[in-house]
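Structure record follows, encoded as structure tokens.
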Amino acid sequence: MSTRLPIDFYQSTDVLNISKALLGKVLVSNFAGQRCSGIIVETEAYRAPDDKACHAHLNRFTKRTSVMFKPGGHAYIYLCYGIHHLFNIVTAPEGVAHVVLIRAIEPLENVELMLKRRGKDQLRPQLTAGPGVMSKALGITKAHTGTDMTMPDSPIWIEDHGIRILPEQIIESPRVGIDYAEECALWDWRFRIRDNAYTSKAK
DNA sequence: CACGGGATCGTCT
DNA sequence: GACGATCCCGTGT
């Protein structure tokens, strides 16, 4: 049994709680009838307006960040370092720019397709452990930013397969690669499933 | 295994 | 014109 997450799931203004609730959920992409998926094992929270690491810090509104202000359930995807497409889930009601970066999945369905997209021939954690490579494995690019994942025909969405992650299974630590965010860089807003081989190795 | 650095380009100043 | 919410490969141990 699997169920696409309802729109209500995404409307909470507690983005830390949603970040933890997304662990164990299943991220699915289906482009041109090619479905593949993985279990979310690592997330990070970004929260406007107070979080200096958030692109919408102080509610900065630009063409790029405008997607972050959409209602919860949209996809925010942007290009990082000119190479990597990073996939985020917009949360909270319209006008509140809270997002969850999905940093890693444990491959579930159609591993063959993900291997092909990554140019690999063996299933190893580095296939999907890390936000850039995860998007590449799923075929997600910044062209998909703004996708409403609560629409029945969207090419990207999230399902509940009944996997339950207990609080004691969640490791909370500082976020990765945001040294410029000063005191916000110390916040434990990165969430990982303990002992899962498919979380990213970033320090 | 740790590290150092290059790739590569959209976004905002 | 500067700089990333990263990744991979090469080098040395």
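So that you can map any letter, position 73 of the first sequence is 103 in our numbering, and since no number is skipped, the others follow by simple counting.
Quick reminder that beta carbons are idealized off the backbone N, C-alpha and C, glycines included.
- Query: So, using beta-carbon positions, are isoleucine 48 and histidine 115 closer together than 8 Å?
  - Reply: Position 18 of the first sequence holds residue 48. Position 85 of the first sequence holds residue 115. No, these two residues do not count as a Cβ contact at 8 Å.
- Task: Have a look at Gly192, Arg205, Leu216, Pro204 and flag the residue whose alpha-carbon is nearest the alpha-carbon of isoleucine 69.
- Result: The sequence position of residue 69 within the first sequence is 39, counting from 1. When only C-alpha atoms are compared, the closest one is Gly192.
- Item | Ordered list of beta strand (DSSP E) runs contained in the segment 125-204, each at least 3 residues | 128-139, 186-190, 200-203
- Inspect the beta-carbon positions of arginine 94 and histidine 104 and report whether they are closer than 8 Å. Here the question's residue 94 lines up with position 64 in the first sequence. Here the question's residue 104 lines up with position 74 in the first sequence. Going by C-beta atoms, arginine 94 is not nearer than 8 Å to histidine 104.
- With a Cβ-Cβ cutoff of 8 Å, do proline 204 and aspartate 225 count as a contact? By 1-based counting over the first sequence, the position of residue 204 is 174. By 1-based counting over the first sequence, the position of residue 225 is 195. No, these two residues do not count as a Cβ contact at 8 Å.
- Could you tell me which residues DSSP pairs with alanine 75 in its beta bridges? On the first sequence, residue 75 is found 45 positions in, with the first residue counted as 1. In the DSSP output, where bridge partners are listed per residue, alanine 75 has Val130.
- Task: Could you work out which residue in Arg148, Pro155, Ala134 is closest to glycine 54 when comparing CA atoms only?
- Result: Residue mapping note: residue 54 aligns to position 24 of the first sequence, counting from 1. Residue Ala134 is the option with its Cα nearest to glycine 54.
- Measuring CA to CA, which of Ile188, Gly63, Pro101 is closest to isoleucine 132? Indexing the first sequence from 1 puts residue 132 at position 102. Taking only the C-alpha atoms, the option nearest isoleucine 132 is Ile188.
- Among Met179, Ile201, Val58, which residue has its Cα nearest to the Cα of glutamate 136? By 1-based counting over the first sequence, the position of residue 136 is 106. Of the candidates Met179, Ile201, Val58, the one whose C-alpha sits nearest the C-alpha of glutamate 136 is Val58.
- Task: Starting from leucine 116, follow the beta strand (DSSP E) in both directions and report where the run begins and ends.
- Result: The residue labelled residue 116 in the question sits at position 86 within the first sequence. Counting along the chain, the beta strand (DSSP E) containing leucine 116 begins and ends at 114-121.
- Query: So who's on the other strand from isoleucine 69, going by DSSP bridges?
  - Reply: By 1-based counting over the first sequence, the position of residue 69 is 39. According to DSSP, isoleucine 69 bridges with Val56, Glu136.
- Would you kindly report the start and end of the unbroken alpha helix (DSSP H) that includes alanine 51? Against the first sequence, residue 51 aligns to sequence position 21. Looking at the DSSP string, the run of the alpha helix (DSSP H) that includes alanine 51 is 45-51.
- Query: In terms of residues, what are the limits of the beta strand (DSSP E) holding tyrosine 210?
  - Reply: Working through the first sequence from its first residue, we reach residue 210 at position 180. Counting along the chain, tyrosine 210 falls outside any beta strand (DSSP E), and DSSP gives it neither H nor E.
- Task: Leaving aside the five residues before and after valine 129 along the sequence, list all residues of the same chain whose C-beta is less than 7 Å from its C-beta, in chain order.
- Result: Indexing the first sequence from 1 puts residue 129 at position 99. If we look at valine 129 and ignore the five residues flanking it on each side, its Cβ neighbours are Tyr76, Met98, Tyr106, Asn118, Ile119, Val120, Thr121.
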